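Novice: Chains as they are written, first to last, in the numbering used here: chain A, 1 to 343; chain B, 1001 to 1326.
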Amino acid sequence: MQIDSSLLEVRNLHTHFFTKSGVVKAVDGVDFSVKPGETLGIVGESGSGKSITALSILGLIPSPPGRIVDGEVLFKGEDLLRKSPKEMRALRGKEIAMVFQDPMTSLNPVLTVERQLVETILAHEKLTRKQAFDRALELLDLVGIPDARNRIRNYPHEFSGGMRQRVMIAIALSCNPSLLIADEPTTALDVTIQAQILELFKKMQKELDMALVMITHDLGVVAEVCDRVMVMYAGKPAEYTETKKLFDNGKHPYTLGLMHSIPKITEKKQKLEAISGMPPDLRSLPTGCNFAPRCKFAMESCLHADPELKNVEDNHAVRCFLHDKVISEEESFNETPIGSEKS
Amino acid sequence: MKPLLEVKNLKKHFPINGTSLFSRNKDMVKAVDGISFNVKAGETLGLVGESGCGKSTAGRSILKLTEPTEGQLIYKGEDITAFRGERMRKLRQEMQLIFQDPYASLNPRKTIEQIITEPMKIFQMEKAARKQKLDRLLDVVGLSSYHKSRYPHEFSGGQRQRIGIARSLALDPELVICDEPVSALDVSIQAQVINLLEELQEEFKLTYIFIAHDLSVIHHISDRVAVMYLGELVEIGDAAEVYQSPKHPYTQALLSAVPKVNPHQEKERIILKGDLPSPANPPKGCKFHTRCPFAEAICRSEKPTMKQVSLTGQMAACHFAKEVVN
Ligand SMILES: Nc1ncnc2c1ncn2[C@@H]1O[C@H](COP(=O)(O)OP(=O)(O)OP(=O)(O)O)[C@@H](O)[C@H]1O
Ligand SMILES: Nc1ncnc2c1ncn2[C@@H]1O[C@H](COP(=O)(O)OP(=O)(O)O)[C@@H](O)[C@H]1O
Ligand code: SF4
Ligand code: SF4
Ligand SMILES: [Mg+2]
Ligand SMILES: [Mg+2]
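#1: If we ignore side chains and look at the alpha-carbon of each, how far apart do residue 81(A) and residue 71(A) end up?
#2: Quick check on residue 160(A) - is its C-beta less than 8 Å from some C-beta in chain B?
#3: Bridge partners for residue 28(A) per DSSP, in chain order?
#4: What did DSSP end up calling residue 1328(B) once you bin it into helix, strand or coil?
#5: So which residues on chain A does residue 1263(B) lean against when the C-beta distance must stay under 7 Å?
#6: With a cut-off of 7 Å, give the chain-ordered residues whose Cβ is closer than this to any heavy atom of ligand 5.
#7: Within 10 Å of its beta-carbon, does residue 241(A) have 16 or more other beta-carbons around it, so buried, or fewer, so exposed?
#8: So, are the CB atoms of residue 1112(B) and residue 1137(B) less than 8 Å apart?
#9: Mapping the DSSP letters down to three states, classify residue 68(A) as helix, strand or coil.
#10: With DSSP run on the structure shown, which of helix, strand or coil describes residue 1023(B)?
#11: Measuring from each Cβ to the nearest heavy atom of ligand 3, keep the ones under 5 Å and list them in chain order.
#12: Using a C-beta to C-beta distance shorter than 7 Å, which residues of chain A count as neighbours of residue 1187(B)?
#13: Give me the pocket residues for ligand 4, defined as CB within less than 5 Å of any heavy atom, sorted by chain position.
#14: With a CB to CB cut of under 8 Å and the five nearest residues on each side skipped, what residues in its chain are close to residue 1165(B)?
#15: Extract the residue ranges of the alpha helix (DSSP H) inside the segment 231-255 of chain A, only unbroken runs of 4 or more that lie entirely within it.
#16: Note down, in chain order, each residue of its chain lying with its Cβ closer than 7 Å to the Cβ of residue 1326(B), except the 5 sequence neighbours on either side.
#17: Assuming the contact rule is C-beta atoms closer than 8 Å, residue 228(A) and residue 40(A) should be a hit. Round their C-beta distance to whole Å, please.
#18: Does the segment 1208-1221 of chain B touch the segment 298-314 of chain A, meaning 3 or more C-beta pairs lie closer than 8 Å?
#19: Can you name the start and end residues of the beta strand (DSSP E) that residue 1224(B) belongs to?
#20: With DSSP run on the structure shown, which of helix, strand or coil describes residue 1140(B)?
#21: How would you label residue 6(A), buried or exposed, when you count the other beta carbons within 10 angstroms and need 16 or more for buried?
#22: What are the start and end residues of the alpha helix (DSSP H) that includes residue 1189(B)?
#23: Hey, could you find the ends of the beta strand (DSSP E) residue 312(A) is sitting in?
#24: For residue 1020(B), is the classification buried or exposed, using 16 other Cβ atoms within 10 angstroms of its Cβ as the cut-off for buried?
#25: Can you tell me which residues fall inside 7 Å of ligand 6, judged by beta-carbon distance to its nearest heavy atom, and keep chain order?
#26: Using a Cβ-Cβ distance cut-off of 8 Å, determine whether residue 272(A) contacts chain B.
#27: Would you call the CB atoms of residue 243(A) and residue 1263(B) closer than 8 Å?
#28: Any heavy atom of ligand 2 closer than 7 Å to the Cβ of residue 1141(B)?
#29: In the DSSP assignment, find the unbroken alpha helix (DSSP H) run with residue 170(A) in it and report its ends.
#30: Pick from 1110(B), 1069(B), 1280(B) and 1295(B): whose alpha carbon is nearest that of residue 1150(B)?
#31: Please work out which residues of its chain come closer than 6 Å, Cβ to Cβ, to residue 1249(B), disregarding the five sequence neighbours upstream and downstream, and give them in chain order.
#32: Under 8 Å, CB to CB, which of the residues in the segment 1247-1280 of chain B have a partner in chain A?
#33: Within a Cβ cutoff of 8 Å, which residues of the same chain sit near residue 317(A), ignoring the five residues on either side of it in sequence?
#34: Does chain A have any CB closer than 8 Å to the CB of residue 1217(B)?
#35: Assuming the contact rule is C-beta atoms closer than 8 Å, residue 61(A) and residue 181(A) should be a hit. Round their C-beta distance to whole Å, please.
#36: What residue ranges within the segment 1007-1091 of chain B form continuous alpha helix (DSSP H) runs of no fewer than 4 residues, ordered along the chain?
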């Protein structure tokens, strides 16, 4: 992948939490990049390290107990992990903006929408209050708040969940960021409202030419808005590729397991193909491949060595020995998959 | 065949400011506002709709865990609407609820054995029989015997849901109302629990009312589907039929809002305007008219009634749905 054209480049990121009950390896070797204007999806189950990846980029890891123990986060070529808290604060909301899952906890309940929006604009841009107010109205219009001129005086609790998320998006967009990180922005919303918000994200991106990192547990959201996608499992990437390639030619056993276990609205199956077992405890990860205890294809070597993320074709990387040509060919002659009879 | 359960014009209204003596009669949340449907023995009826539309309240009213405001409940041909006390308690053996939140619904200070055998104790089952039943239940839900002495916090979300399922099966129910039993679970665990519920249904000949907001889950598990909007049913019918040719504009919008299955799928999307109106102050006429792309004058003044819209008995409540009579 062309490194120099990336807006954001995360390399070998490791974020751990040092708790009384042990070291939680929340993020344990993540690499990805985002080009200007594109949408990268990060998809995985709860606890797989999606939010901690985002918070690491933004310099918002609670410390203690958390610490970024290794890696680089290059934004426009500069390593954000070397920046001071003050420099990071200036960057957040200006160059990099974020939207979280629960808009109620990220909006200040005692301030009107106007106050919050205008203050954010003024904090980052040299405008008069009047100009900032006009810009605020414009933004609320843009994100589809009807009757913005009146509604701007409301408090967050006077808005519905979907409208609050729109306000959050307006605040995030207020300073024309070049990167927006959205952490499960539609998870708390109903499906008809989710459709509205996803539509809004697509429109914004087209109009504003902004890169987007979309964190979600829903492969449908990935199919809907993402150009490329990283599938995460227990703190590590399992597969990293273009969205179309993932759906047409996904290779990692976890990716395939996920796709098969989800009921679909277009076809009615007799029985879902569930993935057996459950995600590992991040304080005591299995040796070898972290998916091995649940993997139908696990081989002897999977229990001993940890596969690396390797390209299987252009723009398609998989972290699995089955797709690591050298090893899988050797093994496939003399070994039957360990878990092949499990259902 | 007679349906196992008949729900007729069921209503549940809540006073807005709690049950204060001073709250005026008018200020009511019409959580469930006149729903009617039948459930046949052995089938799964899916109840789907957006947050706050009254699904859980409907479920709880049917079990009379909350007293219905109005309407009639007929179970195995018998009117149970007025059942109280001992009679209702007896009936509860046959009707069980599985909760959404496997965390909140299990007593943290009790062992798994105590939790699962509690309903058996209440109904005075012998100790030996309880033990036997417990082992059988753990086995069917895929837990091991050594789990008995453990406490809920020692289990994962999926396992806790299995415990909740085991408990609800303790008294051999016939009707089980599953209120979002997989919504709190991760996708890879969801499939395990859905498969389990389907296996149990077959083995124990259970009848399910399956409540969920996830349209794909409802599609997978249901024989018939009922769609709710603001406390009312807008459409009901055979699952395959409702999903393939929804007749109510709300069902159409709901189905079109589900994200794509893959990036190649072309999806015609009906993006609804605005938000869900408040159930305390629902729109007059058709409750959906404020968001309906097809609304006309009559929709604002006259409430549409349920009518048959297919030869196989699909029903929809829309002025403009074409009536089909057989
Ligand atoms: N005890 C109560 N007192 C007052 N209002 C209530 C009460 N219980 C429910 N409601 C209201 O009734 C309506 C329907 O609630 P209900 O819990 O049945 O919705 P639901 O369809 O199950 O939603 P969800 O998908 O979020 O679980 C909501 O507006 C809710 O706020
Ligand atoms: N403050 C913290 N202390 C200890 N562990 C944490 C903390 N925050 C997150 N974790 C753990 O890190 C892992 C990844 O969390 P997260 O990135 O939030 O997952 P998700 O993919 O659901 O967003 C989880 O196991 C979580 O419990
Ligand atoms: S490396 Fe082995 S255990 Fe891991 S996903 Fe591949 S086949 Fe399965
Ligand atoms: S009755 Fe009118 S408003 Fe209601 S769903 Fe039909 S067309 Fe829409
Ligand atoms: Mg998260
Ligand atoms: Mg509910």
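By construction, the Cβ of each residue, glycine as well, lies at the ideal position given by its N, Cα and C atoms.
Since the model is a prediction, treat every value here as computed from it, not as a measurement.
Specialist: So, from the data block:
#1: Taking the first residue of the first sequence as 1, we reach residue 81(A) at position 81. Taking the first residue of the first sequence as 1, we reach residue 71(A) at position 71. Residue 81(A) and residue 71(A) have their C-alpha atoms spaced approximately 8 Å apart.
#2: Locating residue 160(A) in the first sequence gives position 160, counting from the first residue. Interface residue, yes.
#3: For this step, residue 28(A) is matched to residue 28 along the first sequence. Bridge partners of residue 28(A): 14(A).
#4: Limits of chain B in this structure are 1001 at one end and 1326 at the other, which puts residue 1328(B) out of reach.
#5: Position 263 of the second sequence, counted from the first residue, corresponds to residue 1263(B). Within 7 Å Cβ-Cβ: 223, 243, 244 and 247.
#6: A distance filter of 7 Å between CB atoms and the heavy atoms of ligand 5 selects the following residues in sequence order: 46(A), 50(A), 51(A), 101(A), 183(A), 184(A) and 215(A).
#7: Here the question's residue 241(A) lines up with position 241 in the first sequence. Answer is buried; the Cβ neighbour count reaches 16.
#8: For the purposes of this step, residue 1112(B) is identified with residue 112 of the second sequence, where counting begins at 1. For the purposes of this step, residue 1137(B) is identified with residue 137 of the second sequence, where counting begins at 1. No, they are not a contact pair.
#9: Working through the first sequence from its first residue, we reach residue 68(A) at position 68. Secondary structure of residue 68(A) (DSSP, three-state): strand.
#10: Translated into the one-based positions of the second sequence, residue 1023(B) becomes position 23. Note that residue 1023(B) scores a pLDDT of 48, beneath 50, so its modelled location is shaky; the value from the coordinates is reported in the next line. In the structure shown, residue 1023(B) sits in coil (DSSP, three-state: anything other than H, G, I, E or B).
#11: Those satisfying the condition are, in chain order, 253(A), 289(A), 291(A), 292(A), 295(A), 297(A), 298(A), 302(A), 307(A), 320(A), 321(A) and 322(A).
#12: For the purposes of this step, residue 1187(B) is taken as residue 187 along the second sequence, with counting starting at 1. In chain order: 45, 217, 258, 261 and 262.
#13: 1249(B), 1286(B), 1288(B), 1289(B), 1292(B), 1294(B), 1295(B), 1299(B), 1304(B), 1318(B), 1319(B) and 1320(B)
#14: What you label residue 1165(B) is simply residue 165 of the second sequence in a count that begins at 1. Excluding residues up to 5 positions away in sequence, 1098, 1141, 1181, 1193, 1196, 1197 and 1200 lie with their Cβ nearer than 8 Å to the Cβ of residue 1165(B) in the same chain.
#15: Runs of alpha helix (DSSP H) with 4 or more residues, each lying fully within the segment 231-255 of chain A, are found at 243-249, listed in chain order.
#16: Numbered from its first residue, the second sequence carries residue 1326(B) at position 326. Only 1311 meet the Cβ criterion.
#17: Along the first sequence, read from residue 1 onward, the residue named residue 228(A) stands at position 228. Along the first sequence, read from residue 1 onward, the residue named residue 40(A) stands at position 40. Residue 228(A) to residue 40(A), Cβ: 5 Å. Contact.
#18: No: the two stretches stay apart, fewer than three of their Cβ pairs being nearer than 8 Å.
#19: In the second sequence, counting from the first residue as 1, residue 1224(B) sits at position 224. Counting along the chain, the beta strand (DSSP E) containing residue 1224(B) begins and ends at 1224-1229.
#20: Counting from one through the second sequence, the residue named residue 1140(B) turns up at place 140. Residue 1140(B) sits in a helix when the DSSP states are folded into three classes.
#21: Residue numbering aside, residue 6(A) sits at position 6 when the first sequence is read from its first letter. Under this definition residue 6(A) is a buried residue.
#22: The count along the second sequence starts at 1 and reaches residue 1189(B) at position 189. 1187-1204 is the span of the alpha helix (DSSP H), which, as asked, contains residue 1189(B).
#23: Within the first sequence, residue 312(A) is the residue found at index 312, counting from 1. That run of the beta strand (DSSP E) goes 310-313.
#24: Position 20 of the second sequence, counting from 1, holds the residue named residue 1020(B). Legend: pLDDT at residue 1020(B) = 48, less than 50; position of this residue unreliable, value from coordinates given subsequently. By the 10 Å Cβ count, residue 1020(B) comes out exposed.
#25: 1055(B), 1056(B), 1100(B), 1179(B), 1180(B) and 1211(B)
#26: Translated into positions along the first sequence, residue 272(A) becomes position 272. At a cut-off of 8 Å, the C-beta of residue 272(A) has a neighbouring C-beta in chain B.
#27: Residue mapping note: residue 243(A) aligns to position 243 of the first sequence, counting from 1. Residue mapping note: residue 1263(B) aligns to position 263 of the second sequence, counting from 1. In contact: residue 243(A) and residue 1263(B) (Cβ atoms closer than 8 Å).
#28: By 1-based counting over the second sequence, the position of residue 1141(B) is 141. No, since every heavy atom of ligand 2 falls outside the 7 Å radius drawn around the Cβ of residue 1141(B).
#29: In the first sequence, counting from the first residue as 1, residue 170(A) sits at position 170. Segment 161-173, the alpha helix (DSSP H) holding residue 170(A).
#30: Residue 1150(B) sits at position 150 when you count from the first residue of the second sequence. Among 1110(B), 1069(B), 1280(B) and 1295(B), the Cα nearest to that of residue 1150(B) is on 1110(B).
#31: The residue given as residue 1249(B) occupies position 249 in the second sequence. Answer for residue 1249(B): 1292 and 1294, listed in chain order.
#32: 1253, 1254, 1255, 1256, 1257, 1258, 1259, 1260, 1261, 1262, 1263, 1264, 1265, 1269, 1271, 1272, 1274, 1275 and 1276
#33: Taking the first sequence and counting its residues from 1, one reaches residue 317(A) at position 317. Answer for residue 317(A): 237, 239, 240, 241, 309, 310 and 311, listed in chain order.
#34: Locating residue 1217(B) in the second sequence gives position 217, counting from the first residue. It does: the Cβ of residue 1217(B) has a partner Cβ on chain A nearer than 8 Å.
#35: Within the first sequence, the letter at position 61 stands for residue 61(A). Within the first sequence, the letter at position 181 stands for residue 181(A). About 14 Å; that fails the 8 Å criterion.
#36: 1055-1062
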